[in-house]
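Novice: Submitted below is the structure of interest, expressed as structure tokens.
6 protein chains.
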Amino acid sequence: VPRDALVAWLNDYLNVGAYPDPSLNGLQIGGTNVIRRVAVSVDTSLKTLQHAADSGADLLIAHHGLFWGQPLAVTGPHRERLRAALSADLNLYVSHIPLDAHPEVGNNAMIARALTLQNLRPFGDWQGQKIGLAGELPFEQTLQDFADRVQKLTGEICLVHGGGQSPTVRRLGVLSGSGAGSVAEAATMGLDTLLTGEPEHKHFHDAFEYGVNVVYAGHYETEVFGVRALAARLEDEFGLAWQFLHHPTGL
Amino acid sequence: VPRDALVAWLNDYLNVGAYPDPSLNGLQIGGTNVIRRVAVSVDTSLKTLQHAADSGADLLIAHHGLFWGQPLAVTGPHRERLRAALSADLNLYVSHIPLDAHPEVGNNAMIARALTLQNLRPFGDWQGQKIGLAGELPFEQTLQDFADRVQKLTGEICLVHGGGQSPTVRRLGVLSGSGAGSVAEAATMGLDTLLTGEPEHKHFHDAFEYGVNVVYAGHYETEVFGVRALAARLEDEFGLAWQFLHHPTGL
Amino acid sequence: VPRDALVAWLNDYLNVGAYPDPSLNGLQIGGTNVIRRVAVSVDTSLKTLQHAADSGADLLIAHHGLFWGQPLAVTGPHRERLRAALSADLNLYVSHIPLDAHPEVGNNAMIARALTLQNLRPFGDWQGQKIGLAGELPFEQTLQDFADRVQKLTGEICLVHGGGQSPTVRRLGVLSGSGAGSVAEAATMGLDTLLTGEPEHKHFHDAFEYGVNVVYAGHYETEVFGVRALAARLEDEFGLAWQFLHHPTGL
Amino acid sequence: VPRDALVAWLNDYLNVGAYPDPSLNGLQIGGTNVIRRVAVSVDTSLKTLQHAADSGADLLIAHHGLFWGQPLAVTGPHRERLRAALSADLNLYVSHIPLDAHPEVGNNAMIARALTLQNLRPFGDWQGQKIGLAGELPFEQTLQDFADRVQKLTGEICLVHGGGQSPTVRRLGVLSGSGAGSVAEAATMGLDTLLTGEPEHKHFHDAFEYGVNVVYAGHYETEVFGVRALAARLEDEFGLAWQFLHHPTGL
Amino acid sequence: VPRDALVAWLNDYLNVGAYPDPSLNGLQIGGTNVIRRVAVSVDTSLKTLQHAADSGADLLIAHHGLFWGQPLAVTGPHRERLRAALSADLNLYVSHIPLDAHPEVGNNAMIARALTLQNLRPFGDWQGQKIGLAGELPFEQTLQDFADRVQKLTGEICLVHGGGQSPTVRRLGVLSGSGAGSVAEAATMGLDTLLTGEPEHKHFHDAFEYGVNVVYAGHYETEVFGVRALAARLEDEFGLAWQFLHHPTGL
Amino acid sequence: VPRDALVAWLNDYLNVGAYPDPSLNGLQIGGTNVIRRVAVSVDTSLKTLQHAADSGADLLIAHHGLFWGQPLAVTGPHRERLRAALSADLNLYVSHIPLDAHPEVGNNAMIARALTLQNLRPFGDWQGQKIGLAGELPFEQTLQDFADRVQKLTGEICLVHGGGQSPTVRRLGVLSGSGAGSVAEAATMGLDTLLTGEPEHKHFHDAFEYGVNVVYAGHYETEVFGVRALAARLEDEFGLAWQFLHHPTGL
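Chains as they are written, first to last, in this note's numbering: chain A, 1467 to 1717; chain B, 1467 to 1717; chain C, 1467 to 1717; chain D, 1467 to 1717; chain E, 1467 to 1717; chain F, 1467 to 1717.
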């Protein structure tokens, strides 16, 4: 597949222009003009770039890229990352907020589907836009059973803060990655439980004072879904072979 | 001690005006006009406010307060916190960045002293100011021995990321709380290890790519030092009885 | 009436989301969960809060609230206001710009109706939105007769600046409260007279140089209309008893 | 006196560079190159410009000028003002905040001197700088006697808000013009009374809740002092004849 | 024609409100109330204002006006310009970005028409809006022949940077005035050549590294088209006589 | 010379921290750790990077670098530039405003010395700092003779705008590069002539209306001095061989 055609398709499919995200969503590093093989990962690190190149991929698609709003001197680790990609003629395509929020392959849409959430509605404020989802479980579960079910999904033990008035889960908010600050929004919407990725000390007390259960399943572990679903979508659309590069952080 | 005199002394001693910190450092809630007994805590939560009131304190001094730059409606948990303080006539004094940075009783100064760091110099950028400390251990230690020593200090197991070229510690940077983003600064200063509080997914790869060991001792656990030292200083200065309210978050 | 249902109705009816107003429009202090009796006032002061509580109201609705964009320490008069409300379990609901601009119960809509203005059109710029009204009197009046009519409406003597080319009133702009800066807009729209609340020295010369009559009827006096009309609307909708708390400022 | 030399002297004497004031302090309109006669006024209006020209002045010095931070189209009243000055070759020099704050000829310094205030110290925050003065009266006065004394000074009746715990004046804050927002600062400094110019509805309750007496002597009336004192200083320095153009606004 | 009616027509026709342009588009200087004769020019300078007045025009329409976002003291050259206009009762109407972008009489629309560009589409980003045009020549030309054709249009020699892979022109981007920064956009759109006004050192290398030919026809020379076409439109609409004042800058 | 020691010396010598310049002054691309040979150029382009690498340099020092405040995707020409440097292990050090302003090797200091300017004083405002120089020629020259002298210095014909009241040069302002906007400042300081680099259409009329002669010697040509002088200084200090890479732009 021609690289430029693939990038144009991705920008359109992921609705890149809809989010005022300073993460430089789109092609962050140019490489070969034709894409035959794709690798996907959560992060862009020296290891994922090298792994992608070693795997024979022409394109790495990552959720977290290299740029966060400030120009970077090409020195230290940033230089090594660029060298790894440039010397392998590897393309890097990044999709951050657009891939959290996407209705078909987004991190939150994929988690909601895996948990068979019903009656989905927007949840999870990011600069005035909702990028997560709220919904109901088909049946009420104990908080511990629910956490076990999430653990089966991700393969990692969850951190559970049982702040809710009752240790059961029925009305759930899902916000992948860094969503600890959404407890108040969950309470306002009448949700009993929030499933998100990474805990933060500054939001610890929210669960207990707003009366909302919070299940922290890991920043990394809640964001493996989007890139894999996007890769599967590319395979359907273009017949491209792909591979998920698993480099967990434990965070 | 008259409350206003104590507040004036604290504002002066902690050099409140030196930091453009939007955390409303100073007296955040007014209570009784005379202070006979002091409680100190890391956070301001409903529990710490109630605990302070129940303990007979007239004044709670906390590192983290109620306000972070935005006005808050007096509803939900914020209302309950204010009610708890107002109904007990409890004063709340908050010192955030000034208490990280203070040369005598600051969180970082206290940790550096406990670790007998030598040759102290400024480290840890916060909006252009250095609020942490760097220094040398009196003798080289293995990273594991060092982490064990930190564990003895805080009572909690540390998360250790051995990113450095050698698994030993000699030149250390100390930045309490949320300091995961200071790995690059540590590398630039030639430090081999960073001791900080809370890990962040987005900085996970920094340790390994910049070649710096990182010991995460917990946001809460690295910030118990300042408020306790400040309380001891008040006892010396004014003869005030005090108590530390321990409400750990595990984060 | 359940408090949360009433607040939701008010937020919707007053179209709170339409105005980028930093005044924290909505529920500013939480109290009892059920509303049986309502008080309304122009300002939120210690007196109006105490008066509302003493009158047996569960909810005070005010045009001017407690917050104007900055966080406030809970000390001094702000503490006394919060204590008065919290100790009485009084709710405070605030509607600032939305209640100036509302087409049915807004301050300007009510004044326009009382003056039987015809051919109403938007007037009075507030951050790019028009929150006042312009229209024609059914018959031309002398400026003095018009001021007398306004005086009958408010009960207070008006300050009259006869800057217009003729001392008569026909085409009127209405902007409650602080509208002295709208003289130029009035001139551009071909209005002969501006009716507003509070004079300002810096706009004194505008009336005379733009050739527009200005009638200053008082900040307070021009803003009693909205809260009273809103209360009457609540009575119709929910059968709630209400009372207007009159605490004029003379300004 | 050469105009450019006079402007340079004024810019230096008034310390123009010390205040981040967007009012374009300095020469706002150029006219004749030699200054033989000076007029001074509080405001720049069509009338004051015409009066200055008719009086034979080459230079009008005003406290309030034409520009407040935004560019203005040369239409309507702004055009008439410019035409009046340009057709008469009249220079316009403006000194806003520098003339409130000046230690010798500033509005506040002159009022403090007229009231024989003692033990002067900075008061009256304007963007982080103090531009007013606080001090003690040589003897305690009743609030009414003090207001009468101010009335003798300005010739206008004052608006008096007796918010203080006692209706007497001893420790006074002085802030000319628009200083109603400084009541909290006055209370913090232990002042019993604030003397300022223009009342504002939004600060009405401050006097009563902070317990500070406020005497409003008029925006215009409190700002006649600086321009007259500056003119007298110019007469001393350069022997220039001058005239004060009195165009009161009653505000 | 009444001046105010003409200004209202121009504001509407040029869609002034569509562009967040700080250039004060609209009537910048007021003059006679009736317009009988119009002059148009690219710039507003002392010479063009005097020339307009001497030519008997009541209104000068210029592409570049007097204000660029900051207030200006009425001294030096700015004073002389205002004096020239005011003493002649000359009106000045300015249309900057709206006249670059206008689909009928805009600078870029007129150039595109003169070059018989086909298949026109938006090109030339200005703060997120496209104000230029891209299109195809009806036949391919050598870069030199194309530059000669542009020279015939403007009467001035062009500066030609042959950065493109082939020295021929077929797909052209047109952006009058200061468009040297649009080379990357031209490359992204697959254009082979950019026609713009003024070269800039900082964009010199773009042509050669992006592989795009650039023809610089002069800031002034590419912006004579809009004001002349607008004047012709006014003649059609209102029967107004007009004259183009040619004051080239060579830049 | 070790690269890091050289970079530290340069940062210190050039006083990098003194200018709030978003151009990422300092090491922009990392390469070999030891510097044996240096190349210097005005711009960083693909050609200058390749030329530097081909010349055997380990370090290119340029006045204009790669970054101007925004992050850049590593695609198109930016990718080719990085590839050229990285594949050659070439270091790139950039000094923009610090090298205009430096008192010994700055562009303006070097031009002032070459023209034997006397009585040097600061001139040329850049964000509130003066980065150019003003001074007197030892003898008065005709404007044409002066332009010929500048031409001998740079090797390029100058563009001369004789806006001054007299076609002679005695009091000169020097501002390398993009200084056309400094005419008003030159007039205020009583200079008769401004020597700068690049003309701009928008400042064309300034010379004629402020009455200041302007000699435009080229953006490129006025900025060759600093990098060459800095290289000579490095040769003195460290004995490093160096070469100037001449890639003129004609602008």
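Even glycine gets a Cβ: it sits at the ideal position worked out from N, Cα and C.
None of these values were measured; they are calculated from a predicted model.
Could you give the first and the last residue of the continuous alpha helix (DSSP H) run that contains Y1676 of chain C?
Specialist: Counting from 1 along the third sequence, the entry for residue 1676 of chain C is found at position 210. Note, Y1676 of chain C: alpha helix (DSSP H), F1670 to Y1676.
Novice: At a CB-CB cut-off below 7 Å, which residues of chain A make contact with D1670 of chain B?
Specialist: Numbered from 1 along the second sequence, position 204 holds the residue referred to as residue 1670 of chain B. Sequence check: residue 1670 of chain B is Phe here, not Asp. The contacting residues are T1715 and L1717.
Novice: Is K1513 of chain C near the ligand SAH, in the sense that its beta carbon is under 7 Å from a heavy atom of that ligand?
Specialist: What this structure holds is no ligand at all, so the ligand SAH is not there to describe.
Novice: Which value, in whole angstroms, describes the spacing of the CA atoms of N1585 of chain E and S1632 of chain E?
Specialist: For this step, residue 1585 of chain E is matched to residue 119 along the fifth sequence. For this step, residue 1632 of chain E is matched to residue 166 along the fifth sequence. If you take the alpha carbons of N1585 of chain E and S1632 of chain E, they lie about 22 Å apart.
Novice: Could you tell me whether the segment 1590 to 1604 of chain C touches the segment 1559 to 1573 of chain C, where touching means 3 or more Cβ pairs closer than 8 Å?
Specialist: Touching, yes, given that three or more Cβ pairs across the two stretches are closer than 8 Å.
Novice: Give the interface partners of D1509 of chain F over in chain E, defined as CB-CB distance under 7 Å, in chain order.
Specialist: On the sixth sequence, position 43 is the one that residue 1509 of chain F refers to. By Cβ distance, chain E contributes H1671.
Novice: Quick one: complete beta strand (DSSP E) runs, 3+ long, within the segment 1541 to 1574 of chain D?
Specialist: Qualifying beta strand (DSSP E) stretches, in chain order: 1557 to 1560.
Novice: Using a 10 Å radius around the Cβ and a threshold of 16 neighbouring Cβ atoms, would you call G1535 of chain E buried or exposed?
Specialist: Translated into the one-based positions of the fifth sequence, residue 1535 of chain E becomes position 69. It counts as exposed.
Novice: Of all the options C:D1672, C:P1604, C:I1501 and C:S1553, which has the alpha carbon lying nearest to the alpha carbon of R1579 of chain C?
Specialist: The count along the third sequence starts at 1 and reaches residue 1579 of chain C at position 113. Of C:D1672, C:P1604, C:I1501 and C:S1553, the residue nearest in Cα terms is C:P1604.
Novice: Buried or exposed, going by whether 16 or more other CB atoms sit within 10 Å of the CB of N1557 of chain C?
Specialist: In the third sequence, residue 1557 of chain C corresponds to position 91, counting from 1. Result: buried.
Novice: Could I get the ranges of all uninterrupted beta strand (DSSP E) runs contained in the segment 1476 to 1533 of chain B, with 3 residues as the minimum, in chain order?
Specialist: Counting only runs of 3 or more, we get 1492 to 1495, 1503 to 1507 and 1525 to 1528.
Novice: Around the C-beta of D1658 of chain C, are 16 or more other C-beta atoms found within 10 angstroms, so that it is buried, or is it exposed?
Specialist: Working through the third sequence from its first residue, we reach residue 1658 of chain C at position 192. Under this definition D1658 of chain C is a buried residue.
Novice: Quick test of your reading: C1482 of chain A and P1564 of chain A, contact by CB under 8 Å. State the CB separation rounded to the nearest angstrom.
Specialist: The sequence position of residue 1482 of chain A within the first sequence is 16, counting from 1. The sequence position of residue 1564 of chain A within the first sequence is 98, counting from 1. The sequence shown places Val at residue 1482 of chain A, rather than the Cys named in the question. Indeed they touch by this definition, with Cβ atoms about 6 Å apart.
Novice: Could one say the Cβ of Q1494 of chain C lies closer than 8 Å to chain B's Cβ atoms, at least one of them?
Specialist: Position 28 of the third sequence, counting from 1, holds the residue named residue 1494 of chain C. Yes, because at least one Cβ of chain B sits closer than 8 Å to the Cβ of Q1494 of chain C.
Novice: Classify Q1584 of chain F as helix, strand or coil using the three-state DSSP reduction.
Specialist: In the sixth sequence, counting from the first residue as 1, residue 1584 of chain F sits at position 118. Correct three-state label for Q1584 of chain F: strand.
Novice: Between D:T1620, D:H1544 and D:H1671, which lies nearest to E1687 of chain D when the distance is taken from Cα to Cα?
Specialist: As a first step, residue 1687 of chain D is located in the fourth sequence; it is residue number 221 there, counting from the start. Taking only the C-alpha atoms, the option nearest E1687 of chain D is D:T1620.
Novice: Do V1560 of chain D and S1489 of chain D have their CB atoms nearer than 8 Å?
Specialist: Sequence index remark: in the fourth sequence, residue 1560 of chain D carries index 94 (1-based). Sequence index remark: in the fourth sequence, residue 1489 of chain D carries index 23 (1-based). Contact flag set, yes.
Novice: Looking at chain D, which residues of the segment 1520 to 1537 of chain E have a Cβ within less than 7 Å of any of its Cβ atoms?
Specialist: Taking 7 Å as the Cβ-Cβ cut-off against chain D, the residues of the segment 1520 to 1537 of chain E that qualify are F1533, G1535, Q1536 and P1537.
Novice: Within 10 angstroms of the Cβ of S1553 of chain C, are there 16 or more other Cβ atoms? Answer buried if so, exposed if not.
Specialist: For the purposes of this step, residue 1553 of chain C is identified with residue 87 of the third sequence, where counting begins at 1. Under this definition S1553 of chain C is an exposed residue.
Novice: Quick one: what's K1618 of chain D bridged to in DSSP?
Specialist: Mapped onto the fourth sequence, residue 1618 of chain D falls at position 152. The partner list for K1618 of chain D (beta bridge, DSSP) is empty, contrary to what the question assumes.
Novice: For R1694 of chain A, does the count of other Cβ atoms within 10 angstroms reach 16, so buried, or fall short, so exposed?
Specialist: Here residue 1694 of chain A refers to the residue found at position 228 of the first sequence. Classification of R1694 of chain A: buried, given that the 10 Å Cβ count is 16 or more.
Novice: Cα-Cα, which of B:E1606, B:L1538 and B:G1647 is closest to Q1494 of chain C?
Specialist: On the third sequence, position 28 is the one that residue 1494 of chain C refers to. The candidate whose alpha carbon is nearest that of Q1494 of chain C is B:L1538.
Novice: For D1672 of chain E, which residues of its own chain have a beta-carbon under 7 Å away from its beta-carbon, when the five flanking residues on both sides are left out?
Specialist: Counted from its first residue, the fifth sequence places residue 1672 of chain E at position 206. Result list for D1672 of chain E: V1649 and A1650, in chain order.
Novice: Within the same chain, show all residues whose beta-carbon is closer than 6 Å to that of N1499 of chain F, passing over the 5 residues directly before and after it, in chain order.
Specialist: By 1-based counting over the sixth sequence, the position of residue 1499 of chain F is 33. Once the five neighbours on either side are set aside, the close Cβ partners of N1499 of chain F are R1469.
Novice: Could you work out which residue in A:L1581, A:V1678 and A:V1635 is closest to T1654 of chain A when comparing CA atoms only?
Specialist: Within the first sequence, residue 1654 of chain A is the residue found at index 188, counting from 1. Selected option, being the one with the closest Cα: A:V1678.
Novice: Using only CA atoms, which one of C:F1691, C:H1685 and C:W1708 lies nearest to H1669 of chain D?
Specialist: For the purposes of this step, residue 1669 of chain D is taken as the residue at position 203 of the fourth sequence. Taking only the C-alpha atoms, the option nearest H1669 of chain D is C:H1685.
Novice: Just curious, the beta strand (DSSP E) that A1600 of chain B is in, first and last residue?
Specialist: Reading the second sequence from its first residue, position 134 is the one you call residue 1600 of chain B. Q1595 to T1608 is the extent of the beta strand (DSSP E) around A1600 of chain B.
Novice: Determine, using beta carbons only, whether E1461 of chain A and V1508 of chain A come nearer to each other than 8 Å.
Specialist: Within the shown structure, residues of chain A are numbered from 1467 to 1717, placing residue 1461 of chain A beyond reach of any answer.
Novice: Taking the DSSP output, what are the residues bridged to F1710 of chain E?
Specialist: For the purposes of this step, residue 1710 of chain E is taken as the residue at position 244 of the fifth sequence. Answer is E:V1506.
Novice: Anyone know if the C-beta pair for L1525 of chain C and R1547 of chain C falls short of 8 Å?
Specialist: Position 59 of the third sequence, counted from the start, is the residue given in the question as residue 1525 of chain C. Position 81 of the third sequence, counted from the start, is the residue given in the question as residue 1547 of chain C. No, they are not a contact pair.
Novice: Please determine, among B:L1515, B:T1514, B:A1528 and B:K1513, the residue with the shortest C-alpha to C-alpha distance to N1491 of chain B.
Specialist: The count along the second sequence starts at 1 and reaches residue 1491 of chain B at position 25. If we check each option's Cα against that of N1491 of chain B, B:A1528 comes out closest.
Novice: Counting only runs that start and end within the segment 1618 to 1667 of chain B, where is the beta strand (DSSP E) found for 3 or more residues in a row?
Specialist: Counting only runs of 3 or more, we get 1625 to 1628, 1634 to 1641 and 1659 to 1662.
Novice: Check each candidate in D:G1590, D:L1581, D:Q1595 and D:G1663 and name the one with the smallest Cα separation from Q1607 of chain D.
Specialist: Position 141 of the fourth sequence holds residue 1607 of chain D. Comparing Cα-Cα distances from Q1607 of chain D to each of D:G1590, D:L1581, D:Q1595 and D:G1663, the minimum goes to D:L1581.
Novice: Using a Cβ-Cβ cutoff of 9 Å, what residues of the segment 1545 to 1557 of chain F are near chain E? List them in chain order.
Specialist: Against chain E - using a Cβ distance shorter than 9 Å - the residues of the segment 1545 to 1557 of chain F are E1546 and R1547.
Novice: Which same chain residues end up closer than 6 Å to V1467 of chain D when comparing Cβ atoms and leaving out the 5 residues on each side of it in sequence?
Specialist: The sequence position of residue 1467 of chain D within the fourth sequence is 1, counting from 1. Counting only Cβ-Cβ distances below 6 Å, and skipping sequence neighbours, we find I1501 and F1704.
Novice: Please state whether DSSP places G1590 of chain A in a helix, a strand or coil.
Specialist: What you label residue 1590 of chain A is simply residue 124 of the first sequence in a count that begins at 1. Reduced to three states, the DSSP call for G1590 of chain A is strand.
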